[in-house]
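So the sequence lines, in the order shown, correspond to chains A and B. Using the working numbering, you'd call the opening residue of the first sequence number 1 and step up by one each time. Using the working numbering, you'd call the opening residue of the second sequence number 1001 and step up by one each time.
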Amino acid sequence: MPSMNAVLFISFLLFSVGVAGVLIRRNVLIILMCVELMLNAANLNLVAFARHSGTVAGQAFALLVMGLAAAEVSIGLALVVALYRKKDTIQVDQINLLKG
Amino acid sequence: MDPLLAATGQYLFHIFGLMAVAGALGLVFSRNAIHSIVGFLLSMLAVAGCYLTLSAEFLAVAQLLVYAGGIVVLFLFVVMLVEMTKFKEKGLFQGQTKAAVAVVAAGALAIVGVFWRTWFAPGAAQALTLDAGLGEGLDVAAQNAQAVSRGVFAGYLLPFEILSVILLVALVGAVVLAKTERV
């Protein structure tokens, strides 16, 4: 059984890489994937704390977060497709008008 | 299975965790979008392995089905739909990259400081242990699917129902957003 510190540290590394990816990349698809990465880091923490406390709440909420991530990614990818049809680009620094 | 897992679980977790971080780094720093997706897939599979070593078997299988089976394929569809080769020569990173890296590094250093104090400080708090007992009668480790289903359908039924409504809204919204103008 891994130690709690190891789980927390791996989760911290995943979350940091996700934040860095959201902040530095220009491609919307990569940014969406990095958001997924951050949600997974949070899920890992939830599972580890469920294991620590011996209750099932953490795992149940990890399952709910997984479903929420699926909803989020479907909406995000639909937005990407609509944006690409409209503006012919998916680079976030070229998408800077509210009126589209 | 269980004595073997108890003996090797720690090393397995380290291996899977490092694989997850390596996949995440490949996702952020690769030039080709397909390579990014492969890194994402590696990371998700490794996180599923981490769930297994934490004896959350149901979540591990759900992770495989939802992420490796569904979301990666969805990303691949959109990458094929959007012509990526057009964007290749225009540079990978945004203008604020240096400031962003500085901010992330500062936050990461702060958290590393917390870890450092937890591990090495003289009056360090006692490390948390991961035990397998459960107060409510079901053993989370031994009867994982039963325990999770009781948690979702008995303990947290309202969040589950709200999630189903959110999924319905996402379904309709995705169809409306992605359909062409003239029908």
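Where a beta carbon is used, it is the ideal one built from N, C-alpha and C, also for glycine. Treat the numbers as computed from the prediction; the structure is a model and nothing was measured.
Item: Kindly say whether residue 1118 (chain B), judged by its beta-carbon, lies nearer than 8 Å to any beta-carbon of chain A.; Value: yes
Item: With which residues is residue 91 (chain A) paired in a DSSP beta bridge?; Value: A:27
Item: Can you tell me the Cα-Cα spacing of residue 1012 (chain B) and residue 1024 (chain B), whole angstroms?; Value: 18 Å
Item: In the DSSP assignment, find the alpha helix (DSSP H) that holds residue 1097 (chain B) and state where it starts and stops.; Value: 1097-1120
Item: Out of curiosity, what's the CA-to-CA distance linking residue 1047 (chain B) and residue 1016 (chain B)?; Value: 7 Å
Item: Does the beta-carbon of residue 1008 (chain B) have 16 or more other beta-carbons within 10 angstroms, so that it is buried, or is it exposed?; Value: exposed
Item: Below 8 Å between beta carbons: does that hold for residue 90 (chain A) and residue 1082 (chain B)?; Value: yes
Item: Just to confirm before moving on: does the CB-CB distance between residue 75 (chain A) and residue 1173 (chain B) stay below 8 Å?; Value: yes
Item: Enumerate in chain order the residues of its own chain whose CB-to-CB distance from residue 61 (chain A) is below 7 Å, with the five nearest sequence positions on each side excluded.; Value: 46
Item: Along chain E, in chain order, which residues have C-beta atoms closer than 8 Å to that of residue 1094 (chain B)?; Value: No chain E is part of this structure, whose protein chains are labelled A and B.
Item: Do residue 40 (chain A) and residue 23 (chain A) have their beta-carbon atoms positioned less than 8 Å apart in this structure?; Value: no
Item: Report yes or no: is there a C-beta of chain A within less than 8 Å of the C-beta of residue 1031 (chain B)?; Value: no
Item: List the residues that DSSP assigns as beta-bridge partners of residue 1093 (chain B).; Value: A:25
Item: For the stretch 1042-1065 of chain B, which residues have a beta carbon sitting closer than 9 Å to at least one beta carbon of chain A?; Value: 1043, 1044, 1047, 1050, 1051, 1053, 1054, 1055, 1056, 1058, 1059, 1062, 1063
Item: Is DSSP giving residue 1135 (chain B) helix, strand or coil here?; Value: Any reading at residue 1135 (chain B) must be qualified, since the residue scores a pLDDT of 42, below 50, and its modelled position is unreliable; the value itself is stated next. Note: residue 1135 (chain B) maps to coil in three-state DSSP.
Item: Measure the Cβ-Cβ separation of residue 16 (chain A) and residue 1110 (chain B) and say whether it is below 8 Å.; Value: no
Item: Let me know if residue 5 (chain A) comes out buried or exposed under the rule of 16 or more other beta-carbons within 10 Å of its beta-carbon.; Value: exposed
Item: Do you know how far the Cα of residue 1010 (chain B) is from the Cα of residue 1133 (chain B)?; Value: The predicted model places residue 1133 (chain B) with a pLDDT of 46, which falls under 50 and marks its position as unreliable, so this point remains unresolved.
Item: Ordered along the chain, which non-local residues of its own chain (more than five positions away) have a Cβ less than 8 Å from that of residue 59 (chain A)?; Value: 46, 47, 50
Item: For chain A, find out if any of its Cβ atoms is closer than 8 Å to the Cβ of residue 1008 (chain B); answer yes or no.; Value: no
Item: Closest to residue 1073 (chain B) by C-alpha separation, out of A:20, A:2, A:11, A:29, would be which residue?; Value: A:29
Item: Compare the C-beta of residue 40 (chain A) with all C-beta atoms of chain B and state if any pair is closer than 8 Å.; Value: yes
Item: How far does the alpha helix (DSSP H) with residue 1150 (chain B) in it reach, from first residue to last?; Value: 1144-1150
Item: Would a C-beta distance cut-off of 8 Å place residue 1041 (chain B) and residue 1068 (chain B) closer than the cut-off?; Value: yes
Item: Tell me the DSSP secondary structure of residue 2 (chain A) in three-state form.; Value: coil
Item: Please state the DSSP three-state secondary structure of residue 1032 (chain B).; Value: coil
Item: Judging by CA-CA distance, which residue of B:1056, B:1149, B:1050, B:1019 is the nearest neighbour of residue 1038 (chain B)?; Value: B:1019
Item: Could you check whether the Cβ of residue 31 (chain A) sits closer than 8 Å to any Cβ belonging to chain B?; Value: no
Item: When the Cα of residue 1075 (chain B) is compared with those of A:34, A:25, A:3, which residue comes out closest?; Value: A:34
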